[in-house]
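Colleague: Quick note, the sequence shown lines up with residues -13 to 445 if you use my numbering. Ideal Cβ positions, reconstructed from N, Cα and C, are used throughout, including at glycine. Because the structure is a prediction, the values reported are computed rather than measured. Dumping the structure here so I can ask a few things about it.
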Amino acid sequence: MNLRLRRRRYDIDMLNGPVLPRLLSFALPLMLSSMLQLTFNAADVIVVGRFEGDAALAAVGANGALINLLVNLFLGLSVGANVVVAQCCGSGDFRQTSEAVHTSIALSLVGGLLVGAVGFLFSGFFLGLMSTPEEVLPLATSYMRIYFLGMPANMLYNFGAAILRAIGDTRRPLTYLTLAGVVNVALNLLFVIVFRMGVAGVALATIISQIISAILVTLCLIRTDGAIHLDLRKIRLHADKVWRIAKVGLPAGFQGMVFSLSNVLIQSTVNSFGKSVVAGNTTASNLEGYIYVAMNSIHQGAITFTGQNVGARRYARISKVAWASLVAVTGIGLALGGFLMLARGWLYRIYTDDAAVIAAAGLRTDIIAPTYFLCGMMEVMVGLLRGMGSSVTPMVVSILGACVLRIVWILTIYPLDPTLTTLYISYPVSWIVTFAIHTVCYLVIKRRKYGALLKGERE
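Following this line, the structure appears as structure tokens:
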């Protein structure tokens, strides 16, 4: 069945017209939803920091890199689901799109159960390997075990949102995250201030909000007409779709895992500086997260726009997507990085009033905030490559250019001057190197895959 999929009011036309305004229309709701999600997640950190002290603040913050390490493989598969559904939509094939949707949901459930079990059973062991301070370890373990009980809902939401993004719908996920986030904040305050549940309370509030967002996105897909309609009776793994999703998603997930591994190594080094530095690093990285998710919305746009145009055989628009994405991500990164530099004084105090924690946070912000746009440019190039169906190349380049380089930096450069400044400089250095290599790969792969077809389009 090869029908052009009917466009609805939530969809964005990625195949015609100017790219930049459509890209921003796609990215803005995604950006806002990601920022809201960060704000609601930051509520965990703020509430425990204000009402439970710096040990609880460090306990929640010490989990971030490790949680990302464990979940990134299957979140990478959600990237694969987004690309495959987008390409099927671009081709107008109803049956292929429907099979991709139901396979994606099945993968989310399987992945959520597997990651949840591993995280729950081995959280204490992993945190111990990371040199988590002794006074923080019991609280961090408690938080992590409860958090991973909600992993099936977390995965279901992320895959469902990826399906909606494939047709250009980023507005409804924004609504669902807003509703779930309000519940999260309310429960944080209730569990911590009223019931005095500490880090266990904020973890419980998080998984309840994740369940709500998962239910909402599932109901949305069930009630949506057309090729992305979800029929619970049809949820199963279609072998060819699993292969296509895995071909893009597994390298993306593996890349994310290795990135997280390098961040775990950096977090372990930060942990060696003590509780105040861990808390300061947590504070700064929470604020930097807003810059990252804003830039990542452009990265997601680059994947989806490229995927749809490849599916529709509109290869000439790939270059337009590339330029629009790079312009947008650079502007966003510089603007938000500058804002963080200017406003960091009062932003830090939302989290803590401890002078040592604030000083440690400032040291990180001085290095990361002005250079973070480089990370966004690097991510855009990765998105373009994945949208074209090439995922192994950006994985290898990212692992070598960013992850391995950071590890080598920590093992060779850092010992020469074992300070936090030397440690944090590894980030912008790795972004510059990886962006340059990705750009060369993008130009070569685009010419190799579509060079003759692009020449035919121009003629």
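Per DSSP, aspartate 211 forms a beta bridge with which residues?
Modeller: In DSSP, aspartate 211 forms no bridge with anything.
Colleague: Could you tell me whether the stretch 324 to 338 touches the stretch 365 to 380, using the rule of 3 or more Cβ pairs below 8 Å?
Modeller: With a cut-off of 8 Å, the stretch 365 to 380 and the stretch 324 to 338 do not count as touching, because too few Cβ pairs lie within range.
Colleague: When we look at the beta-carbon of alanine 225 and count the other beta-carbons within 10 Å, is it buried (16 or more) or exposed?
Modeller: Exposed, since its Cβ has fewer than 16 Cβ neighbours within 10 Å.
Colleague: In whole angstroms, what separates the C-alpha of tyrosine 301 from that of serine 117?
Modeller: 49 Å
Colleague: Roughly how many whole angstroms lie between the Cα atoms of alanine 355 and phenylalanine 37?
Modeller: 28 Å
Colleague: Would you call tryptophan 229 buried or exposed, if buried means 16 or more other Cβ atoms sit within 10 Å of its Cβ?
Modeller: Looking at its Cβ environment, which holds fewer than 16 other Cβ atoms inside 10 Å, tryptophan 229 is exposed.
Colleague: With three or more beta-carbon pairs closer than 8 Å as the criterion, would you say the stretch 243 to 253 touches the stretch 328 to 344?
Modeller: The answer is no - the stretch 328 to 344 does not touch the stretch 243 to 253, with fewer than three Cβ pairs under 8 Å.
Colleague: Grab the span of the alpha helix (DSSP H) containing serine 128 for me, first residue to last.
Modeller: For serine 128, the enclosing alpha helix (DSSP H) has its first and last residue at 123 to 135.
Colleague: Across the stretch 121 to 141 and the stretch 165 to 172, are there enough close Cβ pairs to call them in contact, namely three or more that are closer than 8 Å?
Modeller: no
Colleague: What is the rounded straight-line gap between the Cα of tryptophan 309 and the Cα of serine 109?
Modeller: 42 Å
Colleague: Within 10 angstroms of the Cβ of serine 258, are there 16 or more other Cβ atoms? Answer buried if so, exposed if not.
Modeller: exposed
Colleague: Would you identify the three-state DSSP class for aspartate 340, choosing helix, strand or coil?
Modeller: coil
Colleague: Can you find the residues in the same chain that come closer than 7 Å, C-beta to C-beta, to isoleucine 385, ignoring five residues on each side of it along the sequence?
Modeller: Gln241, Val244
Colleague: When we look at the beta-carbon of phenylalanine 181 and count the other beta-carbons within 10 Å, is it buried (16 or more) or exposed?
Modeller: exposed
Colleague: Which two residues bound the contiguous alpha helix (DSSP H) that contains tyrosine 358?
Modeller: Counting along the chain, tyrosine 358 falls outside any alpha helix (DSSP H), and DSSP gives it neither H nor E.
Colleague: Taking valine 390 as part of the alpha helix (DSSP H), name the residues at either end of that continuous run.
Modeller: Unbroken run through valine 390: none, as it is neither H nor E.
Colleague: Since methionine 281 and glycine 187 should fall inside the 8 Å C-beta cutoff, what is the C-beta to C-beta distance between them, to a whole number of angstroms?
Modeller: Not confirmed; about 32 Å, so no contact.
Colleague: Quick check on aspartate 352: does DSSP put it in helix, strand or coil?
Modeller: helix
Colleague: Is there a Cβ from chain B that is less than 7 Å from the Cβ of glutamine 73?
Modeller: Of the protein chains in this structure there is only one, and it is not chain B.
Colleague: If I follow the unbroken alpha helix (DSSP H) through phenylalanine 80, where does it start and stop?
Modeller: Where phenylalanine 80 is concerned, the enclosing alpha helix (DSSP H) stretches over 80 to 115.
Colleague: If contacts are defined as beta-carbon pairs under 8 Å, then isoleucine 91 and isoleucine 197 qualify, I think. What distance do you get, rounded to the angstrom?
Modeller: That pair is no contact at about 16 Å.
Colleague: Are the CB atoms of serine 195 and tyrosine 162 within a distance shorter than 7 Å?
Modeller: no
Colleague: Leaving aside the five residues before and after proline 138 along the sequence, list all residues of the same chain whose C-beta is less than 7 Å from its C-beta, in chain order.
Modeller: Leu95, Gly98, Leu99, Gly102
Colleague: Residues in its own chain within less than 6 Å of glycine 297 by CB, not counting five upstream and five downstream?
Modeller: So the qualifying residues of the chain are Gln73, Gly76, Ser77.
Colleague: So the alpha helix (DSSP H) leucine 271 belongs to, where does it begin and stop?
Modeller: In the sequence as displayed, the identity of residue 271 is serine instead of leucine. Serine 271 -> alpha helix (DSSP H) spans 261 to 297.
Colleague: Which first and last residues belong to the alpha helix (DSSP H) in which arginine 157 is found?
Modeller: 157 to 175
Colleague: Between the stretch 1 to 9 and the stretch 138 to 151, do at least 3 Cβ pairs fall closer than 8 Å?
Modeller: no
Colleague: Secondary structure at arginine 222, three-state DSSP: helix, strand or coil?
Modeller: coil
Colleague: With a Cβ-Cβ cutoff of 7 Å, do serine 311 and valine 394 count as a contact?
Modeller: no
Colleague: Residues in its own chain within less than 8 Å of valine 122 by CB, not counting five upstream and five downstream?
Modeller: Ala41, Ala44, Ala45, Ala48, Lys261, Val264
Colleague: Using 10 angstroms around the beta-carbon of proline 401, count the other beta-carbons present and answer buried if the total reaches 16, otherwise exposed.
Modeller: exposed
Colleague: Ignore the nearest five residues each way along the sequence and tell me which others in glycine 287's own chain have a CB closer than 7 Å to its CB.
Modeller: Leu9, Phe12, Ala13, Ser311
Colleague: Compute the beta-carbon to beta-carbon distance between alanine 346 and glycine 266, rounded to the nearest angstrom, for a pair I have assumed lies under 8 Å.
Modeller: The C-beta separation of alanine 346 from glycine 266 comes to about 3 Å, placing the pair in contact by the 8 Å criterion.
Colleague: So the candidates are Ser20, Val307, Arg392, Thr156; which of them puts its Cα closest to the Cα of asparagine 2?
Modeller: Val307
Colleague: Taking only runs of the alpha helix (DSSP H) that begin and end inside the stretch 36 to 72, which ones reach a length of at least 4 residues, in chain order?
Modeller: 40 to 47
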